[in-house]
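Those letters in the sequence shown? Residues -21 to -1, 1 to 439, by mature numbering (1 follows the signal peptide of the UniProt record, and there is no 0). Don't be surprised by glycine CBs; every beta carbon is placed ideally from N, CA and C. Just so it is clear, the structure is predicted and the values come from calculations on it, not from any experiment.
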Amino acid sequence: MKHNKMLAVLLATVMALTAVGCGSKATTENPAPAAESKAEGTQAAETEAEKPADGEKVEIRFSWWGDTKRNDMYNEICDRFEAENPNIKVMREPMSWSDYWTKMSTQVAGGNAPDMFGMHPQYAADYALRGALLEIQPYVDNGTIDLSKFSDAIIDSGKYKDKLYMVSMGVSFTCYLVNNELAEQYGVTLPAYNEDWTWAQFQEEAKKFTDAAAGTGIYFSGDSSADINCFRWASREAGGDNYTADGQLGFEEKTVVDFLDMWSALREEGAIPDAATASEDGSLALEQRLFSLGKMVLHNVPINQLYLYADAMPDNNISAIRIPTADDGTRAEYLEGAHFAISSNIDEAHQEAAAKLINFFVNTEQSMELFKMDQGVPANSDMAEFIKPLLDEPNQKAIDFALALMPLCDTATPAAKGASEIATAYQTAADKVRYGQEDSATAAAAFMKEANSILEANKN
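Now the structure itself:
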């Protein structure tokens, strides 16, 4: 029932928007339990001794992942926050996605995590179980963070084991962006934004493309073989997920082998880049990537990033299509979206300042005027209404995509403790295959053994 309620609330929000027609391993096992030492109901209340003196600034560190355009936007939002809160200074630490989790795990392990940071569902359970995330319900209770315009389901998406650790930035879905000019030029036939297709069709169109585009240096798609979030497509389409509800692996070894083999075949025929090119492409800024440079037909991203690529490619017609399904129609997508979180290893003055910044991001017109749909459909229903007249054509496409897909998706199983280590182990195994160091069967067997060992070591 909760899932149905979530879909209903989110669908209603998106339909309202559409109607306008405008266009890491974290190893800190025992961080300082700053909030838990307080009495219930008052654990977020500052004592007079902890409050900074009048006029004294509190400096908080805020870290996020993103590209140049997102960095500029977040910096401007932080500038506006500082203007509204002159006693709080925000030290900004933007990073690329690939660098973010490596540095975050090191910082958390060293007790030097940012005060406020972005958190992804892939890692949330792992960080929460290791005590790295502050339980923020007290800041909701005292009004510092206002969740009155969030549905229960969206609030629950920030919980782990019934404790609130995160606040949703927005609701999004994974998709494939399409360079429609390239698709037409090379005779590629793709579904509409609201239609399904299968991996068999994906491979057929890839072969058609490589036959037509041989020697051009243009690719059908990127290489998704080494990202465990993309492997999740295979685990879900096989009837499971990356993890089970009781914290075990939710897929079989054969699923890993089959997934790696599919991408190896695409690589061998030239439909995706070689390993070195793919690795380099993943580390580049958005505007420097192969897709942005008109050298790739399909590119896998969250749907909320459509507008970023449209801005980077003003001369191209960019749209979005669904992730291919299994042959039997089983789909990979699930309701997802990033969150904001606060470090558990900071004092109350910094906790409250970070909570105020979260509230500013998700609940104010000053922020949403810039933020819009950067992380998907806003979780605050009033802010979703506010941004309607501000949406451009790319964001309208994103809304349409979400509207069509939302009723078809369910929720995902939370990651287990040790998930960040398992993600690293998976990437290592996949890299050995794509660099030709091991075959898929050898790499998959080694990965399964290591992943189960990690889960065993992380049992409570």
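{"Check": "Sub-8 Å separation of C388 and I282 beta-carbons", "Outcome": "no"}
{"Check": "Range covered by the beta strand (DSSP E) that runs through S42", "Outcome": "V37 to W44"}
{"Check": "Reduced DSSP secondary structure (H/G/I, E/B, other) of F230", "Outcome": "coil"}
{"Check": "Start and end residues, alpha helix (DSSP H) containing S214", "Outcome": "I207 to E216"}
{"Check": "G249 versus A430 - alpha carbon distance", "Outcome": "31 Å"}
{"Check": "Whole-number beta carbon distance between K396 and G226, since they are thought to touch under 8 Å", "Outcome": "7 Å"}
{"Check": "Pairwise C-alpha distance: K82 and G89", "Outcome": "11 Å"}
{"Check": "Cβ contact check for the stretch 189 to 203 and the stretch 313 to 333: 3 or more pairs under 8 Å", "Outcome": "no"}
{"Check": "C-alpha gap between G316 and A422, whole angstroms", "Outcome": "31 Å"}
{"Check": "Beta strand (DSSP E) segment containing F319, residue limits", "Outcome": "H318 to I321"}
{"Check": "Close Cβ partners of G149 (< 7 Å) along its chain, the five nearest in sequence each way excluded", "Outcome": "N283, G316, M352, Q354, G355, V356, P357 and A358"}
{"Check": "Beta-carbon spacing of L112, S323 below 8 Å", "Outcome": "yes"}
{"Check": "Exposed unless 16 or more other CB atoms sit within 10 angstroms - verdict on A171", "Outcome": "exposed"}
{"Check": "Cβ pair N342, T123 closer than 8 Å", "Outcome": "no"}
{"Check": "Inter-stretch contact (C-beta, 8 Å, three-pair minimum) for the stretch 364 to 383 and the stretch 392 to 411", "Outcome": "no"}
{"Check": "Short Cβ contact (8 Å threshold) for P100 with F41", "Outcome": "no"}
{"Check": "The stretch 256 to 264 / the stretch 208 to 216 touching (three or more Cβ pairs under 8 Å)", "Outcome": "no"}
{"Check": "Identity of the residue in L272, Y313, I251 and W176 nearest A289 by Cα", "Outcome": "L272"}
{"Check": "R301 - containing beta strand (DSSP E), residue span", "Outcome": "Neither: R301 is in no beta strand (DSSP E) and is coded neither H nor E."}
{"Check": "Close-in-space but distant-in-sequence residues of the same chain around F60 (CB under 7 Å, 5 per side omitted)", "Outcome": "V69, L336 and F339"}
{"Check": "Residue nearest to Q406 in terms of C-alpha spacing, selected from M362, F319 and S258", "Outcome": "S258"}
{"Check": "Exposure label - L369; buried when at least 16 CB within 10 Å", "Outcome": "exposed"}
{"Check": "DSSP three-state assignment for G249, whether helix, strand or coil", "Outcome": "coil"}
{"Check": "Local conformation of C1 per DSSP, three classes", "Outcome": "The predicted model places C1 with a pLDDT of 32, which falls under 50 and marks its position as unreliable, so this point remains unresolved."}
{"Check": "Inter-residue spacing [alpha-carbon to alpha-carbon] between E184 and K411", "Outcome": "27 Å"}
{"Check": "6 Å CB neighbourhood of I366 in its chain, flanking five on each side removed", "Outcome": "M347 and K351"}
{"Check": "Beta-carbon proximity check, R413 vs A205, cutoff 8 Å", "Outcome": "yes"}
{"Check": "Beta-carbon gap between S298 and N91 smaller than 8 Å", "Outcome": "no"}
{"Check": "7 Å CB neighbourhood of S75 in its chain, flanking five on each side removed", "Outcome": "W44 and S262"}
{"Check": "Closest residue to G97 among N50, D253 and L269 (Cα-Cα distance)", "Outcome": "N50"}
{"Check": "Cβ pair T309, G218 closer than 8 Å", "Outcome": "yes"}
{"Check": "Assigned secondary structure, K187 (DSSP; H/G/I helix, E/B strand, else coil)", "Outcome": "helix"}
{"Check": "Residues of its chain near L349, where Cβ-Cβ distance is below 7 Å and the 5 sequence neighbours each way are ignored", "Outcome": "M52, E55 and I56"}
{"Check": "Environment of G137 [buried if 16+ CB atoms lie within 10 Å]", "Outcome": "buried"}
{"Check": "Collapsed DSSP secondary structure at E435 in the structure displayed", "Outcome": "helix"}
{"Check": "Minimum C-alpha distance to G415 - residue among D120, A334 and A254", "Outcome": "A254"}
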